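In this note's numbering, the protein residues as written are 2 to 298. Just so it is clear, CB atoms sit at the ideal spot from N, CA and C, and this is done for glycine as well. This structure is a prediction, so every number in the text was calculated from the model and none was measured. The next block holds one structure in the form of structure tokens; read it before the comments.
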Amino acid sequence: MQRNWQRLEPIFVGSDDIRAQLPEDTKRFEKVDNEWKDLMREAREEPGVVAACTADGREELLNTFNSEIETCEKALNDYLQAKKKIFARFYFVSDQALLDILSNGNNPEKVDEYIGDCFDGLKCVKFLPEGPRPYRTCVGMHAKDQEYVPFDSNFTFTGVVESYLCDLEAKMVHTLKIILDAAKITADNWEYEKPRHIWLEDYCAQISLLGTQIMWTEETIRAFDDLEAGSETAMKDYGGVTIQRINKLIERVRTDLTKDLRDKIITIITIDVHERDVVMELVDKKIVESSHFKWQS
2 MQRNWQRLEP
12 IFVGSDDIRA
22 QLPEDTKRFE
32 KVDNEWKDLM
42 REAREEPGVV
52 AACTADGREE
62 LLNTFNSEIE
72 TCEKALNDYL
82 QAKKKIFARF
92 YFVSDQALLD
102 ILSNGNNPEK
112 VDEYIGDCFD
122 GLKCVKFLPE
132 GPRPYRTCVG
142 MHAKDQEYVP
152 FDSNFTFTGV
162 VESYLCDLEA
172 KMVHTLKIIL
182 DAAKITADNW
192 EYEKPRHIWL
202 EDYCAQISLL
212 GTQIMWTEET
222 IRAFDDLEAG
232 SETAMKDYGG
242 VTIQRINKLI
252 ERVRTDLTKD
262 LRDKIITIIT
272 IDVHERDVVM
282 ELVDKKIVES
292 SHFKWQS
């Protein structure tokens, strides 16, 4: 009973959010809390273990306390489950961390400390230092490797914490989609304007890699179309293009680069080598149709 009380006491006594959301259970816990403290004061006045443990009605009282605390704990768990259903990424954090998040829902800066537990690649957001603390408006996001991506427009934390985290997630997705759209447009001109080994500096690692894979897929399908149109060396020629692009990245990675840029290029080289092997296998096995299992799989 004492262990359960210790775990729940800072929640039902110290958390304004929990007290507001679970008023009946808060009253129930407060009653147990007051009576438990009275019992402890009595035990302090009569510290002998036999006297403390054999007082009339004490066992029944402790069982009653335990039952009431279990009721409070069940209500708390139901409350947390309801929050997790709204923002499913709460399932990734411990209940204690979730309680801390909910207790500080009106303080986005405090909630930001737990953002990295909810999102695999995100470390924190960048707040706009305007107005009184806590700040509520952010302008971008930092990855766990310190890479920074600005939002397409400022985002303000408003409402309850589980709702504004859902809105933040949507903002992240929307921002990356806008960046990807721009990256795809410029990637179409790799051969005429800015080549890929320079182009990738303009975009974050995730978008650079995804844009590269989208272009490889489109270009490979285009090679299939050229094969069907009668160009017998179309796929082999494209294999040569992939090799040239890999060589350009290898040349770049041998120069003096920042750690972030070097990691980005090495990752793309790794994917490029796999894509080159796929193209050369299509050539070696004389696969000429884009619907062939070797390509579709």
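CB contact flag (Thr105, Val112, <9 Å) = Here the sequence assigns Asn to residue 105, which means Thr is not the residue at that position. Yes; because the gap between Cβ atoms is below 9 Å, this pair is in contact.
Report back the beta-carbon spacing between Asn107 and Asn5 to the nearest angstrom; my notes put them in contact at under 8 Å.
-> Their Cβ separation, rounded to whole angstroms, is 28 Å, which puts Asn107 and Asn5 out of contact at 8 Å.
Considering only the beta carbon of each residue, do Leu201 and Ile269 sit closer than 9 Å?
-> yes
Whole beta strand (DSSP E) elements within the segment 134 to 208, 3-residue minimum = 138 to 144, 149 to 157
Short check: CB of Leu210 to CB of Lys265, under 9 Å?
-> yes
Measure the beta-carbon distance from Cys73 to Asp26 and round it to whole angstroms, keeping in mind my assumption that it falls under 8 Å.
-> 5 Å
How long is the line joining the alpha carbons of Asp285 and Tyr193, rounded to whole angstroms?
-> 30 Å
Excluding the five sequence neighbours on either side, which residues of its own chain have a C-beta within less than 8 Å of the C-beta of Lys28, listed in chain order?
-> none
Please classify Glu219: is it buried, with 16 or more other beta-carbons within 10 angstroms of its beta-carbon, or exposed?
-> exposed
DSSP beta-bridge partners of Leu123 | Ala144
Report yes or no: do the segment 116 to 129 and the segment 137 to 150 share at least 3 C-beta pairs separated by less than 8 Å?
-> yes
Lys260 - containing alpha helix (DSSP H), residue span | 260 to 285
Please name the residue in Met2, Ala56, Val50, Pro24 whose C-alpha comes closest to that of Trp37.
-> Met2
Beta carbon of Ile208, beta carbon of Leu177: below 9 Å?
-> yes
Alpha helix (DSSP H) containing Glu131: first to last residue?
-> It is not in any alpha helix (DSSP H) - Glu131 carries neither H nor E in the DSSP assignment.
Expressed to the nearest angstrom, what Euclidean distance is found between the alpha-carbon atoms of Asp227 and Lys295?
-> 18 Å
Could you please give the first and the last residue of the uninterrupted alpha helix (DSSP H) stretch that includes Asn64?
-> 59 to 87
Glu276 classed as buried or exposed, judged by whether at least 16 other C-beta atoms fall within 10 angstroms = buried
Could you check the C-alpha separation between Ile44 and Ile19 for me, to the nearest Å?
-> Residue identity differs from the one stated: residue 44 is Ala in this sequence, not Ile. Ala44 and Ile19: Cα-Cα distance of roughly 30 Å.
Between Ile70 and the rest of its own chain, which residues show a CB-CB distance below 8 Å, the 5 nearest in sequence each way excluded?
-> Met2, Asn5, Trp6, Leu9, Phe30, Val33
Consult DSSP for Ile288 and reduce its assignment to one of helix, strand or coil.
-> coil
Answer yes or no: do Glu197 and Lys127 have a C-beta to C-beta separation smaller than 9 Å?
-> According to the sequence displayed, residue 197 carries Arg and not Glu. Contact: no.
Within the same chain, show all residues whose beta-carbon is closer than 7 Å to that of Leu129, passing over the 5 residues directly before and after it, in chain order.
-> Tyr136, Thr138, Cys139, Val140, Asn155
Check Gly212 in the structure and name its three-state DSSP category.
-> helix
Using alpha carbons as the reference points, say which of Ile222, Arg263, Lys185 lies closest to Ser291.
-> Ile222
Rounded straight-line distance, which links the Cα of Ala183 to that of Thr243 | 22 Å
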